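A.B. asks: Just so you know, we're using my numbering here: the sequence shown kicks off at 427 and counts up by one.
No residue lacks a Cβ here, since even glycine has one placed at the ideal position from N, Cα and C.
Since the model is a prediction, treat every value here as computed from it, not as a measurement.
Quick one: structure below, then a few questions.
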Amino acid sequence: PAALLVVSDYQELPPRHRLGVLRFLLHGQSPEGEQWGLASAGDYGLEVVELELSQYATPQAQRILVIAMVRSDRGGQQAAQRVVGIVRHLAGAAPSKSLHDM
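See below:
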């Protein structure tokens, strides 16, 4: 009923390509035009947060994406927002993006 996905090599992408890659993950299509992006899982609330691991007081300077998905009968969008809130709290004040901001 829920998934927490971590995209760990996000910082390896050139900054100008990051938003395009995120949109592709969320709204991507197969070569045949079939929707398969994470947002096509209609019964799930979805939230995305971008984190700088250095905010964890670790020696890593890595930037990651964390994607929270929660099935609608288990809290949906509100639950996904709470999961992202917990992740942000753990990481400190990191910028967040909602599916609706894409």
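Does the distance from the CB of residue 500 to the CB of residue 427 come in under 7 Å?
C.D. replies: Result yes, Cβ atoms of residue 500 and residue 427 sit closer than 7 Å.
A.B. asks: Going by alpha carbons, who is nearest to residue 466 out of 449, 477, 491, 514?
C.D. replies: Ranking the options by Cα distance to residue 466, first place goes to 449.
A.B. asks: Looking at residue 496: is its Cβ nearer than 7 Å to the Cβ of residue 513?
C.D. replies: Cβ atoms of residue 496 and residue 513: not closer than 7 Å.
A.B. asks: Alpha carbons only, please: which of 475, 453, 506 is nearest the one belonging to residue 429?
C.D. replies: Checking every option, the nearest Cα to that of residue 429 belongs to 506.
A.B. asks: Who are the Cβ neighbours of residue 454 in its own chain at under 7 Å, not counting the five residues just before and after it?
C.D. replies: The answer, listed in chain order, is 462, 463.
A.B. asks: Straight-line CA distance for residue 480 to residue 516?
C.D. replies: Going from the Cα of residue 480 to the Cα of residue 516 covers about 12 Å.
A.B. asks: Mapping DSSP to helix, strand and coil, what is residue 467?
C.D. replies: In the structure shown, residue 467 sits in coil (DSSP, three-state: anything other than H, G, I, E or B).
A.B. asks: Could you give the distance in angstroms between the alpha-carbon of residue 509 and the alpha-carbon of residue 458?
C.D. replies: Approximately 34 Å, taken between the alpha carbons.
A.B. asks: Classify residue 473 as helix, strand or coil using the three-state DSSP reduction.
C.D. replies: Residue 473: strand per DSSP, three-state reduction.
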